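Residue numbers (the numbering used here): 1 to 488.
From the three backbone atoms N, C-alpha and C, an ideal C-beta is built for every residue, glycine too.
All values reported here derive from a predicted model rather than from experimental measurement.
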Amino acid sequence: MDPLDLARWQFGITTVYHFFFVPITIGLSLLVAVMQTVWMRTRNPQWLRLTKFFGKLFTINFALGLVTGIVQEFQFGMNWSDYSRFVGDIFGAPLAIEALLAFFLESTFLGLWLFGWGRIPEKLHASFIWLVHIGTVLSAYFILAANSFMQNPVGYTLNEANGRAELTDFVAVLTNPVQLVTFPHVLSAAYMTGGAFVLAFAIWHLWRQGTAQSDKPMYRRAAKVGAWTVLLASLAVIVSGDFQGKVMTEVQPMKMAAAEGLYEDVPEGVGAPFSIITVGTLDGSEEIWAVTVPKLLSYLATGSLEGAVEGIDHIQERYQLTYAGSELTAVDDYRPVVPVTYWSFRLMMGLGFVGMAIAAAVLWALRGKGDESGETRLEGNVWWARAGAVVLFLPLLANSFGWIFTEMGRQPWLVMGLMTTQTGVSPGTTAGEVLTSMVLFTLVYGALAVVMVMLTLRYGRAGAEQVPEDASYDPATRSEDDAFVFTY
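Printed below as a string of structure tokens:
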């Protein structure tokens, strides 16, 4: 067994697992903040119940995401010390700010929000959950800035004497062209995931027989909020993804070519087709049969229906001439695993489109319904219950396949044009050590997954708890005998 392969597997397993929680945290924090704000404006107790209900599920997700995220930074020292030594001056800066600013903002104000019901004035208390959401957004921005440097290194100088990349322009790192298109794309996908989370639980409670008839209007409201969030966020994902594709074509042409299984150059004036499905050889080196949309790829890559698009074979030849002179950049093959890149890209898009379709169908089924107690097409229909279960996982899987595409499509580069993956692994780490840590982390993550599912199902099935019709959590309206309790 090769320590490099094991280290890559370990980082892939832990990262994909951790990223299940990240988009839910970002998206759900926004929706909980919106629900609490709506309750403060309307004083409708149903919105307060929804705030507490989804706030509880958000807290469970946040805790698990925190635990699983800590492992990521440890691996840079354990398995990727040469990489850390090479780009630590650059990569460490946004990660340090993320921990010291964004994470502390999230955790501090989440604690104040959780235990501040009835102790803090309502408007100030509501601002805390908004600050939690702002913290999650800032956290995403700084982490994506670090990742965008790996995709398109900027704001650095290469110190030949000590063999390190050194930071020269932190603003350039934060405003990397890849960062500016990746951040809105990831943020929109997170909002889509949060909306799907709310939609799934709302559909389930509308369908289940044990839900009180008086609670149905509340869950219809939640279903509408979730469905509209999925639809609007999906449109933002599509628009930002279009911009991202054009930037990717400019800075990572091999990734774009691999995403489409395009082996031969398409010259200006012809128009490259977009592959809906392609069948190729097992090693992904040759196309056998394909179904395509004429000229669409040229538009996605260049903004023109007849724009030129480089193919895999030509880019491979160009990279061999460009990067053959350095130990950090010279490899035999600069192509990623084409089948993985190709299919992860399509699964990302396909799952997102299916999620949009379900959200649109839910809005159609709920049309004209909201406050009234009459049943809609969602109640009592097992197919809607199944749709709710499916819609919960579609954006989660789409996010995961998107990250697999992003990272696998960059291979064999660890830092594009500067360092290949094989040169970044820790030289003193043995295969046995990496395998041991990988097995242990995988087992721990598996146990945490069981805990996460059990807690989410337990509190999710319980539904939104009742609150008094005249519920108030402003300390100015409470007496000394009132209990100041709102714990999970």
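Task: Proximal residues to alanine 233 (C-beta, below 7 Å), its chain only, five neighbours per side dropped - done: Ser188, Tyr191, Met192 and Gly195
Open item on the list: Whole angstroms are fine: how far does the CA of tyrosine 17 sit from the CA of aspartate 371?
Closed with: Here aspartate 371 scores only 46 on pLDDT, less than 50, and its place in the model should not be relied on; the value that follows carries that caveat. Going from the Cα of aspartate 371 to the Cα of tyrosine 17 covers about 39 Å.
Open item on the list: Checking the sheet assignment: what are the DSSP bridge partners for alanine 165?
Closed with: Leu158
Open item on the list: glutamine 10 and alanine 437 - do their beta-carbons sit closer together than 8 Å?
Closed with: With the sequence shown as reference, residue 437 is identified as serine, and alanine is not the correct amino acid for it. Result yes, Cβ atoms of serine 437 and glutamine 10 sit closer than 8 Å.
TODO: Grab the span of the alpha helix (DSSP H) containing valine 453 for me, first residue to last.
DONE: 431-462
TODO: Please state if the CB of valine 309 and the CB of alanine 259 are separated by a distance shorter than 8 Å.
DONE: Between alanine 259 and valine 309, the CB-CB gap reaches or exceeds 8 Å.
Task: Extent of the continuous beta strand (DSSP E) run through leucine 414 - done: 413-415
- [ ] From the DSSP output, in three-state form, read off glycine 370 for me.
- [x] Unreliable positioning characterises glycine 370 in this predicted model, as indicated by a pLDDT of 46, which lies under 50. A coordinate reading is not provided.
Task: Status (buried if at least 16 other CB within 10 Å, exposed otherwise) for phenylalanine 104 - done: The residue is exposed, with fewer than 16 neighbouring Cβ atoms inside 10 Å.
Open item on the list: If you follow the alpha helix (DSSP H) that aspartate 5 is in, where does it begin and where does it stop?
Closed with: 3-19
Task: Which of helix, strand or coil DSSP assigns to isoleucine 120 - done: Here DSSP, grouped into helix, strand and coil, assigns isoleucine 120 to coil.
Task: For threonine 175, three-class secondary structure by DSSP - done: coil
Open item on the list: Given this structure, state the Cα-to-Cα distance separating threonine 421 from glutamate 166, to the nearest angstrom.
Closed with: 19 Å
Open item on the list: Going by beta-carbon coordinates alone, are leucine 206 and arginine 221 separated by less than 8 Å?
Closed with: no
Open item on the list: Along the chain, where does the alpha helix (DSSP H) containing alanine 365 start, and where does it finish?
Closed with: 338-365
Task: Proximity winner among Asp332, Val132, Pro94 and Thr292, relative to glutamine 320 (alpha-carbon distances) - done: If you compare the alpha carbons of Asp332, Val132, Pro94 and Thr292 with that of glutamine 320, the shortest gap goes to Asp332.
Task: CB-CB length for arginine 335 against methionine 254, believed under 8 Å - done: 7 Å
Task: Inter-residue spacing [alpha-carbon to alpha-carbon] between phenylalanine 128 and leucine 66 - done: 19 Å
Open item on the list: Relative to the C-alpha of glycine 92, which candidate in Leu174, Arg43, Phe20 and Glu106 has its C-alpha closest?
Closed with: Leu174
- [ ] Using the Cα positions of tryptophan 413 and glutamate 327, report the straight-line distance between them to the nearest angstrom.
- [x] Taking the straight line from one Cα to the other gives about 13 Å.
Task: tyrosine 83, enclosing alpha helix (DSSP H) - first and last residue - done: 81-97
Task: Residue-level contact to chain B via CB, leucine 66, 8 Å cutoff - done: No chain B appears in this structure, which consists of one protein chain only.
Open item on the list: Across the stretch 95-104 and the stretch 125-143, are there enough close Cβ pairs to call them in contact, namely three or more that are closer than 8 Å?
Closed with: yes
Task: Bounding residues of the alpha helix (DSSP H) (the contiguous stretch that carries aspartate 215) - done: First-last for aspartate 215: undefined, no H or E at that position.
Task: Spatially closest choice to arginine 386 from Ile358, Glu407, Arg410 and Ser400, by CA coordinates - done: It is Ile358 whose Cα lies nearest to the Cα of arginine 386.
Open item on the list: Let's see if you can read the secondary structure: which residues bound the alpha helix (DSSP H) around lysine 295?
Closed with: Careful: lysine 295 lies outside any alpha helix (DSSP H) and carries neither H nor E.
Task: Backbone secondary structure at serine 29 - three-state DSSP - done: helix
Task: Bounding residues of the alpha helix (DSSP H) (the contiguous stretch that carries threonine 322) - done: 312-323
- [ ] Give the C-beta separation of leucine 124 and threonine 59 to the nearest angstrom, bearing in mind that I take them to be a contact with Cβ-Cβ under 8 Å.
- [x] That pair is no contact at about 20 Å.
Open item on the list: I believe leucine 363 touches lysine 224 by the beta-carbon criterion, under 8 Å. Please report the beta-carbon distance rounded to the nearest angstrom.
Closed with: 7 Å
- [ ] Could you give the DSSP three-state label for valine 270: helix, strand or coil?
- [x] coil
Task: Closest by C-alpha distance to glycine 307, when choosing among Leu347, Val354, Val181 and Lys246 - done: From the listed residues Leu347, Val354, Val181 and Lys246, the smallest Cα separation to glycine 307 is found for Lys246.
TODO: State the Cα-Cα distance for the pair lysine 56 and methionine 40, rounded to the nearest angstrom.
DONE: 19 Å
- [ ] If I'm right that histidine 185 touches valine 237 with Cβ under 8 Å, what's the distance once you round it to whole angstroms?
- [x] 6 Å
TODO: Could you tell me the boundaries of the alpha helix (DSSP H) in which glutamine 209 lies?
DONE: Run containing glutamine 209: none; DSSP gives neither H nor E here.
TODO: State the DSSP-derived secondary structure class of threonine 329, mapped to helix, strand or coil.
DONE: coil
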